[in-house]
Amino acid sequence: MAQFTRIQVAQVMKETGIVPLFYHKDIEVSKKVLKACYDGGARLLEFTSRGDFAFEIFADLNKYAIAELPGMILGVGSVTDAAAASLYMQLGANFIVTPVLREDIAIACNRRKVLWSPGCGTLTEIARAEELGCEIVKLFPGDIYGPQFVNGIKGPQPWTSIMPTGGVSPTLESLKSWFDTGVTCVGLGSKLISADSQGNFDFAKIQSLTQECVTIIKNLRK
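Residue numbers (our numbering): 28 to 249.
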């Protein structure tokens, strides 16, 4: 079961401001990426469930986080139905992220008091997600909507907490454009964690970029 409550997860999302997204079929590579993000100051990671037997990789990765990385919160993204959400929660997922708004996932997560963040693209979807108990809404795809969309949402619903995913870069310019609109946190995937042409990862670079993002966000909030 989850090691962190949904309120704790939401608070850490707000405090750190960054949620790295990552998937790899090799558990040892996954561990090194997770540790690089952790050493860089990230305290959450969304494991994107996109490969065969991904749940097996997540199970081992979560055991590693619990044993070796105190305070690291692992969740799962790209979850598309309640059955998958339930499986990952059984394996200890601390939050569930979905590309779309699905009420069956909301019910499954709420029953276990696990934070869930649905992908929404309209004010109506966002309002419905909040009616279903969503703490932080995922704006997806963020590169299509952009920061001005957040301004539009915050007008009638200043209480809404938003996490854009897609369209966010690990740079001052990009992060400032989003956080100036009042987003709660941002999701960063391939622009933060990517392999070279040979399929190798620069773990020191991942750590450094993560640290830079955490520092930028902290300074933007002063």
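We put the CB at the ideal spot given by N, CA and C, even for glycine.
Being a predicted model, the structure only gives us computed values, none of them experimental.
Task: Through-space distance from N137 to T226, alpha-carbon basis - done: Counted from its first residue, the sequence shown places residue 226 at position 199. Counted from its first residue, the sequence shown places residue 137 at position 110. What sits at residue 226 in the sequence shown is Gly, not Thr. Computed Cα separation, rounded: 38 Å.
TODO: Over the uninterrupted beta strand (DSSP E) stretch that includes W143, give me the two end residues.
DONE: Within the sequence shown, residue 143 is the residue found at index 116, counting from 1. Its beta strand (DSSP E) spans residues 142–147.
- [ ] Would you be able to state if there are at least three C-beta pairs under 8 Å between the stretch 62–73 and the stretch 160–172?
- [x] no
TODO: Assign M190 to buried or exposed, taking buried as 16 or more other Cβ atoms, counted over all protein chains shown, within 10 Å of its Cβ.
DONE: The residue labelled residue 190 in the question sits at position 163 within the sequence shown. Answer is buried; the Cβ neighbour count reaches 16.
TODO: Report, in whole angstroms, the separation of the C-beta atoms of V103 and E73, which I expect to be a contact under 8 Å.
DONE: As a first step, residue 103 must be located in the sequence shown, where it is residue number 76. As a first step, residue 73 must be located in the sequence shown, where it is residue number 46. Between E73 and V103 the Cβ distance is about 7 Å, and since that is below 8 Å, they are a contact.
TODO: Please go through the stretch 127–176 and give each complete alpha helix (DSSP H) segment of 4 or more residues, from N-terminal end onward.
DONE: 130–139, 150–158, 169–172
Task: Distance CB(A92)-CB(L61) smaller than 9 Å - done: The sequence position of residue 92 within the sequence shown is 65, counting from 1. The sequence position of residue 61 within the sequence shown is 34, counting from 1. It is a contact, given that the beta carbons lie within the stated cut-off.
Open item on the list: Which same chain residues end up closer than 7 Å to D87 when comparing Cβ atoms and leaving out the 5 residues on each side of it in sequence?
Closed with: What you label residue 87 is simply residue 60 of the sequence shown in a count that begins at 1. If we look at D87 and ignore the five residues flanking it on each side, its Cβ neighbours are I54.
- [ ] Return the chain-ordered ranges of every beta strand (DSSP E) run that is complete within the stretch 212–246 and spans a minimum of 3 residues.
- [x] 213–215
- [ ] Compare the Cα-Cα distances from P174 to each of P183, V213, E158, K140 and report the closest residue.
- [x] For this step, residue 174 is matched to residue 147 along the sequence shown. The shortest C-alpha separation from P174 is found at V213.
Open item on the list: Do L236 and P197 count as a contact pair if the criterion is CB distance below 9 Å?
Closed with: Sequence index remark: in the sequence shown, residue 197 carries index 170 (1-based). Sequence index remark: in the sequence shown, residue 236 carries index 209 (1-based). Taking 9 Å as the Cβ cut-off, P197 and L236 qualify as a contacting pair.
TODO: Run the CB neighbour count on R77, radius 10 Å, all protein chains shown included, and call it buried at 16 or more, exposed below.
DONE: Residue mapping note: residue 77 aligns to position 50 of the sequence shown, counting from 1. By the 10 Å Cβ count, R77 comes out exposed.
Task: Proximity winner among T192, I134, A112, relative to C147 (alpha-carbon distances) - done: Here residue 147 refers to the residue found at position 120 of the sequence shown. Taking only the C-alpha atoms, the option nearest C147 is T192.
TODO: Inspect the beta-carbon positions of R129 and A29 and report whether they are closer than 9 Å.
DONE: The residue you call residue 129 lines up with position 102 of the sequence shown. The residue you call residue 29 lines up with position 2 of the sequence shown. No, Cβ-Cβ distance for R129 and A29 is not below 9 Å.
Task: N-terminal and C-terminal residue of the alpha helix (DSSP H) that M28 is part of - done: As a first step, residue 28 is located in the sequence shown; it is residue number 1 there, counting from the start. First-last for M28: undefined, no H or E at that position.
Open item on the list: What would DSSP say about M99, mapped onto helix, strand or coil?
Closed with: Within the sequence shown, numbered from 1, the residue matching residue 99 stands at position 72. Coil at M99, not helix or strand.
TODO: Within the stretch 38–115, note down every full beta strand (DSSP E) run reaching 3 residues or more, in order along the chain.
DONE: 45–49, 71–75, 100–104
Task: Neighbourhood of V241 by C-beta distance below 8 Å, restricted to the same chain and skipping five residues each side - done: Residue mapping note: residue 241 aligns to position 214 of the sequence shown, counting from 1. Excluding sequence neighbours, V241 sits near T43, G44, I45, G67, G68, A69.
TODO: Give the single residue among I233, S57, F228, A112 whose Cα lies nearest to the Cα of L219.
DONE: The residue you call residue 219 lines up with position 192 of the sequence shown. Of the candidates I233, S57, F228, A112, the one whose C-alpha sits nearest the C-alpha of L219 is I233.
Task: Beta-carbon proximity list for E152, same chain, < 7 Å, skipping 5 on both sides - done: In the sequence shown, residue 152 corresponds to position 125, counting from 1. Hits under 7 Å: L128.
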